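Have a look at the structure below before the remarks.
2 protein chains.
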Amino acid sequence: MRDYLKELIYPKVIVEGMKYSIFNGGKRLRPVLLLMVLELLEEDTNLGLPSAVAIEMIHAYSLVHDDLPALDDDEYRRGKLTTHKKFGEAEAILVGDALLTYAFLVLSSKNNQLTSEKIVEIIKKTSIASGSCGMIGGQMVDIEYENKKADLPTLQYIHTHKTGMLLKLPVEIALIISGTVGKKQDVLLEYADLIGLAFQIKDDILDVEGEFEKLGKKIGSDQISDKSTYVSLLGLEQSKKILNEKIKKANEIIKKEFGEKGKYLIKLADFIREREK
Amino acid sequence: MRDYLKELIYPKVIVEGMKYSIFNGGKRLRPVLLLMVLELLEEDTNLGLPSAVAIEMIHAYSLVHDDLPALDDDEYRRGKLTTHKKFGEAEAILVGDALLTYAFLVLSSKNNQLTSEKIVEIIKKTSIASGSCGMIGGQMVDIEYENKKADLPTLQYIHTHKTGMLLKLPVEIALIISGTVGKKQDVLLEYADLIGLAFQIKDDILDVEGEFEKLGKKIGSDQISDKSTYVSLLGLEQSKKILNEKIKKANEIIKKEFGEKGKYLIKLADFIREREK
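In order, the protein sequence lines correspond to chains Y and V.
Heads up: take any position in the first sequence, counting from 1, add 185, and you land on this note's numbering.
Heads up: take any position in the second sequence, counting from 1, add 185, and you land on this note's numbering.
Written as structure tokens, this is what we have:
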């Protein structure tokens with residue numbers, strides 16, 4: 186990741202803001218997932234590096250903008266000051282814009298050794314998953330339903346779009362890179378859907394049960410802002426039950442299709458259920 | 186432009202915000218420039234449409250974010266409420282993000298009939314011109330120097346990056362599409378640099394001499410925020426002199442290289458000098 190940022194020097198504030206927002210102790214779930222799927226499909230993982238970096242930059246930008254006072258107004262993320270608290274609000278808006286733009290530069294730069302056809306396909310998938318029909322759409326509806334009760338279909342729209350599509354993207358890109366189609370493709374896409382949903386349910390559970398020290402951000406903020414979550418709609422026990430079911434299903438289909446080779450994806454799914462941050 | 190947005194339906198607020206920000210009476214200078222250069226180079230202008238739309242979306246997003254309270258805090262643009270005044274601040278941040286992301290979708294979608302090699306090259310140029318080494322970099326330094334005297338080199342950095350690079354981009358893209366190199370390329374790139382600088386000097390002049398009715402935004406805002414401009418650094422007369430020189434030079438090199446066929450680019454340069462908004 187550092188390699189991809191080292192050419193950036195000026196203006197200093199924006200470069201420091203970008204680095205601050207990227208190197209902030211994130212779990213790197215999306216890049217790891219992309220590389221794991223490539224490995225599973227016996228494809229050269231180096232071919233996935235630019236895409237892995239680009240997705241992480243888009244994820245980082247989305248957090249920088251989400252934390253802004255006009256949106257979630259968060260002061261801490263992963264135990265550190267949010268970008269606007271550290272650098273100022275105008276700076277954080279521009280840092281987010283710069284990370285998003287830079288993701289597309291990384292994808293289109295000569296470091297990307299894929300064929301131009303595959304690069305264009307990856308850029309298309311990336312802009313769909315992160316745009317108004319994807320992540321931004323989910324974020325928008327999430328904001329609309331603050332202090333307003335959302336029903337389950339609306340909550341599902343928010344989750345599949347706000348987090349789901351960007352979690353599915355690494356799998357989609359790994360499939361494009363390796364040219365995988367058919368049954369393997371279907372199974373991996375279903376796995377991505379299942380862990381994406383599980384990830385969000387776990388997030389809702391952590392907002393109730395988590396600890397600030399581990400989570401590094403405010404606890405109970407969903408309740409304070411009266412946000413509809415799995416927990417508020419279905420209760421804690423039912424949410425945990427669904428979480429377990431999704432992870433179990435995800436692991437089953439991977440095991441069935443890939444056997445022993447799927448063990449890292451199974452570990453990843455288990456991590457999503459067990460994580461404390 | 187409308188064709189490119191018609192597939193977007195949901196979430197409603199974001200789609201309406203995107204349309205509001207795009208169809209706001211802008212001059213469409215960048216798309217027009219791209220199509221004019223293609224015409225001059227005897228290339229099919231249809232091939233330039235996705236790029237023209239993408240550049241205008243990036244331009245629109247940059248205005249939406251620039252107008253935000255944390256940045257320029259503008260209430261009006263082209264005589265209409267700015268996006269955050271109309272839709273809310275969180276919405277405007279997301280609308281800007283969505284426009285930027287959508288630009289890359291337009292470039293990579295199947296409507297773009299260019300070869301994948303050219304599309305990747307265009308996406309690369311676009312992300313450089315609009316990113317932290319381009320437009321966002323200029324915007325960042327501009328903010329740093331608010332209420333602080335900038336010297337001429339700093340002012341030139343701000344101008345070439347904040348406005349110059351996105352005005353040069355249409356010419357660069359037209360050159361890629363048509364595969365133009367050599368003398369014609371050099372002349373067109375120099376023309377782009379000259380009108381880019383002229384455009385910004387004229388902007389500074391209009392901020393002093395313009396009329397709200399025509400300009401549709403606050404007059405004298407540079408002076409109020411004590412911004413360094415060509416006018417504040419060199420005076421009104423000297424600024425007008427430089428403006429005239431740049432336009433004259435731009436027109437001369439076009440005439441010399443392209444003769445009568447260059448007349449539309451000459452008209453465009455004259456328009457930049459004469460414009461009242």
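Glycine residues also receive a C-beta, built at the ideal position from the N, C-alpha and C atoms.
Keep in mind the model is a prediction, meaning the values are calculated, not measured.
Problem - Residues of the region 334-368 of chain Y whose Cβ lies closer than 8 angstroms to any Cβ of chain V, in chain order - result: none
Handout entry: Short Cβ contact (8 angstroms threshold) for Y:A288 with Y:G202
Key = no
Handout entry: Contact under 8 angstroms by Cβ, Y:D282 with V:H250
Key = yes
Exercise for the section: Using only alpha-carbon positions, find the residue among V:D389, V:I307 and V:L266 that is nearest to V:L421. Expected result: V:D389
Exercise for the section: Could you work out which residues of chain Y lie near V:V198, taking near to mean beta carbons separated by less than 8 angstroms? Expected result: M325 and E329
Problem - the region 205-213 of chain V contacting the region 439-446 of chain Y, beta-carbon criterion three pairs below 8 angstroms - result: no
Practice task
Report yes if the C-beta distance between V:I321 and V:S315 is below 8 angstroms; otherwise report no.
Solution key: yes
Handout entry: Neighbour flag for V:M186 against chain Y, beta carbons, 8 angstroms
Key = No, no contact with chain Y.
Handout entry: Rounded straight-line distance, which links the Cα of Y:R213 to that of Y:P355
Key = 11 angstroms
Problem - CB contact flag (Y:T387, Y:I457, <8 angstroms) - result: The sequence shown places Lys at residue 387 of chain Y, rather than the Thr named in the question. Yes, the pair counts as a contact, with Cβ atoms nearer than the cut-off.
Exercise for the section: With DSSP as the reference, label V:L266 as helix, strand or coil. Expected result: strand
Practice task
Find out if the Cβ-Cβ distance for the pair V:L360, V:L373 is shorter than 8 angstroms.
Solution key: Going by C-beta atoms, V:L360 is nearer than 8 angstroms to V:L373.
Practice task
Determine, using beta carbons only, whether V:V305 comes closer than 8 angstroms to chain Y.
Solution key: yes
Handout entry: Neighbourhood of Y:E302 by C-beta, 8 angstroms cutoff - its chain only, sequence neighbours within 5 removed
Key = none
Problem - Buried or exposed (CB count within 10 angstroms, at least 16 for buried), Y:R187 - result: exposed
Problem - V:T286: contacting residues in chain Y (beta-carbon distance under 8 angstroms) - result: Within 8 angstroms Cβ-Cβ: L285, S312, S315, G316, S317 and I321.
Handout entry: Sequence-distant residues of the same chain with beta carbon closer than 7 angstroms to Y:L220, five excluded per side
Key = T230, G233 and A237
Exercise for the section: Report the rounded CA-to-CA distance for V:A166 versus V:E228, giving the unit in angstroms. Expected result: No answer is possible for residue 166 of chain V: the residues shown for chain V start at 186 and end at 462.
Exercise for the section: Using only alpha-carbon positions, find the residue among V:E224, V:N297 and V:S424 that is nearest to V:L391. Expected result: V:S424
Problem - Closest residue to V:L285 among V:L351, V:S417, V:H346 and V:I240 (Cα-Cα distance) - result: When each option's Cα is compared against that of V:L285, the closest is V:I240.
Handout entry: Opening and closing residue of the alpha helix (DSSP H) in which V:T339 lies
Key = Run containing V:T339: L337 to H344, per the alpha helix (DSSP H) assignment.
Exercise for the section: With distances taken Cα to Cα, identify the nearest neighbour of Y:S462 among Y:V393, Y:E274, Y:L418 and Y:V291. Expected result: A small fix is needed here, since residue 462 of chain Y is Lys in this sequence, not Ser. Per the Cα distances, Y:V393.
Practice task
Scan the region 249-260 of chain Y for residues whose Cβ lies nearer than 8 angstroms to a Cβ of chain V and list them as they occur along the chain.
Solution key: H250, L253, A255 and L256
Exercise for the section: To the nearest angstrom, report how far apart Y:K295 and Y:L193 are at their CA atoms. Expected result: 16 angstroms
Exercise for the section: Return yes when the Cβ of Y:L256 is within less than 8 angstroms of the Cβ of Y:I328, no when it is not. Expected result: yes
Exercise for the section: Report the neighbours of Y:E201 on chain V: residues whose CB is nearer than 7 angstroms to its CB, in chain order. Expected result: Residues of chain V passing the Cβ test: none, with the nearest at roughly 11 angstroms.
Practice task
Give the single residue among Y:L453, Y:V305, Y:L299 and Y:L279 whose Cα lies nearest to the Cα of V:L290.
Solution key: Y:V305
Exercise for the section: At 9 angstroms on the CB atoms, spell out the chain V contacts of Y:I390, in chain order. Expected result: Chain order gives no chain V residues near Y:I390, where near means a beta carbon separation below 9 angstroms; the closest approach is about 26 angstroms.
Exercise for the section: Can you tell me the Cβ-Cβ gap for V:E357 and V:K310, rounded? I've got them flagged as a contact below 8 angstroms. Expected result: 5 angstroms
Practice task
Taking all protein chains shown into account, decide if V:Q298 is buried (16 or more other Cβ within 10 angstroms of its Cβ) or exposed.
Solution key: exposed
Problem - Cβ shell of V:N436 (< 7 angstroms), same chain only, five flanking positions each side left out - result: I451 and A454
Handout entry: Among V:V222, V:L379 and V:P254, nearest to V:H344 - alpha-carbon criterion
Key = V:L379
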